[in-house]
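Residue numbers -22 to -1, 1 to 182, in mature numbering (1 follows the signal peptide of the UniProt record, and there is no 0), belong to the letters of the sequence shown in order.
Backbone N, C-alpha and C fix where the C-beta goes; we use that ideal spot for every residue, glycine too.
Report on one structure; see the data block that follows.
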Amino acid sequence: MKLIAATVSAAAVLLIAAPARAHVRVDGGDAPGRGGYGTVRLSVPTESETASTVGLTVTIPGDVTLTSAKVLPIAGWTAKVETAEGRVTRIVWRASGAGLGPAEFGVFAFSGGPWPQDRSAVPLPATQQYSDGSAVAWDEVALDASEPEHPAPIVVLGEAPAGHHGDAPVAEPEPERSGSQITQWILIGLALVLSVSATLRRAR
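The structure is reproduced here in structure tokens:
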């Protein structure tokens, strides 16, 4: 996994530049920012000519700590976000009906984060299940200019969100007023009262 993480940034550029094919892939659009949260949209075509797509499982790499994820509801599908030890490990979609037939595709989306801050791309190994019981693993990452037979979907991360510096700053508490300051204000108030009283007596 470390080798894959080290080479995925360059591989992402190569895969984006390659001709579009009928593979499970990440759609372009508003990419999550490094260290931030965002939405990932997966385009899933049915490549089989005889079976329908009835399931999709996306695995979050072990060195990527997404602490939360929410899925976009899809009619005719159920979804489950699996977690372990405080991080999202897998997102599983299952068709409750006929699924995606031959020559059809679907868009599966989830929003989550925080995404890594120290890299520009993250592979998301995926497994596509068919109605005939077969499955296709989309989990290969290119190590050179060639495109793998079953490339993993790759999330290309954008720039870090503006003002992102980790934890939110903690507001500084207002300084407490000491006893001497309070006494000083009381004396000033008394002096003003005496001054006004003296002025009124002279006026009479």
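Query raised in the report: Expressed to the nearest angstrom, what Euclidean distance is found between the alpha-carbon atoms of SER98 and GLU118?
Result: In the sequence shown, residue 98 corresponds to position 120, counting from 1. In the sequence shown, residue 118 corresponds to position 140, counting from 1. Approximately 18 Å, taken between the alpha carbons.
Report task. Under 6 Å Cβ to Cβ from LYS48, same chain only, skipping five residues before and after it: list those, please. Result -> Translated into positions along the sequence shown, residue 48 becomes position 70. Counting only Cβ-Cβ distances below 6 Å, and skipping sequence neighbours, we find SER89.
Query - Cβ pair count under 8 Å reaching 3, the region 16 to 29 against the region 71 to 81 - result: The region 16 to 29 vs the region 71 to 81: in contact.
Query raised in the report: Can you round the beta-carbon distance between PRO92 and GLY14 to whole angstroms, since I take them to be within the 8 Å contact cut?
Result: Residue mapping note: residue 92 aligns to position 114 of the sequence shown, counting from 1. Residue mapping note: residue 14 aligns to position 36 of the sequence shown, counting from 1. PRO92 to GLY14, Cβ: 6 Å. Contact.
Requested in this report: Select from LEU20, ALA(-1), HIS1 the residue whose C-alpha is nearest the C-alpha of VAL134.
Outcome: For the purposes of this step, residue 134 is identified with residue 156 of the sequence shown, where counting begins at 1. Checked all of LEU20, ALA(-1), HIS1; the closest Cα to VAL134 is LEU20.
Report task. Identify every run of the beta strand (DSSP E) within the region 93 to 126, keeping only runs that are complete inside it and at least 3 residues long; order them along the chain. Result -> Contiguous beta strand (DSSP E) elements confined to the region 93 to 126 occur at 99 to 101, 104 to 108, 113 to 116, taking only those with 3 or more residues.
**Report entry** Complete runs of the beta strand (DSSP E) confined to the region 22 to 52 [at least 3 residues]
**Finding:** If one requires a minimum length of 3 residues, the beta strand (DSSP E) runs lying completely within the region 22 to 52 are 31 to 37, 46 to 49, in chain order.
Report task. Indicate the three-state DSSP secondary structure (helix, strand or coil) for VAL2 in the structure shown. Result -> Along the sequence shown, one-based indexing puts residue 2 at 24. If DSSP states are grouped into helix, strand and coil, VAL2 belongs with coil.
Query - Cα-Cα separation, PRO23 to PHE86 - result: Position 45 of the sequence shown holds residue 23. Position 108 of the sequence shown holds residue 86. If I take the Cα positions, the gap works out to 11 Å.
Report task. Let me know the secondary structure DSSP gives ALA76 once reduced to three states. Result -> Translated into the one-based positions of the sequence shown, residue 76 becomes position 98. Three-state result, ALA76: coil.
Query raised in the report: Does the Cβ-Cβ distance between PRO131 and ARG3 come in under 8 Å?
Result: Working through the sequence shown from its first residue, we reach residue 131 at position 153. Working through the sequence shown from its first residue, we reach residue 3 at position 25. Yes. Within cutoff.
Requested in this report: Indicate whether the contact test is met: 3 or more Cβ pairs, each with one atom in the region 103 to 114 and one in the region 34 to 51, closer than 8 Å.
Outcome: Touching, per the Cβ criterion.
Query raised in the report: If you drop the 5 nearest sequence neighbours on each side, which residues of the same chain put their C-beta closer than 7 Å to that of GLY75?
Result: In the sequence shown, the residue the question calls residue 75 occupies position 97. Residues of the same chain with a CB within less than 7 Å of the CB of GLY75, apart from the 5 flanking positions on each side, are GLY54 in chain order.
Query raised in the report: Are the CB atoms of HIS1 and TRP71 nearer to each other than 8 Å?
Result: Numbered from its first residue, the sequence shown carries residue 1 at position 23. Numbered from its first residue, the sequence shown carries residue 71 at position 93. No. Outside cutoff.
Report task. Could you round the C-beta distance between GLY136 and ALA9 to whole angstroms and report it? I think they count as a contact, below 8 Å. Result -> Taking the first residue of the sequence shown as position 1, residue 136 is located at position 158. Taking the first residue of the sequence shown as position 1, residue 9 is located at position 31. About 4 Å separates the Cβ atoms of GLY136 and ALA9, confirming a contact at the 8 Å cut-off.
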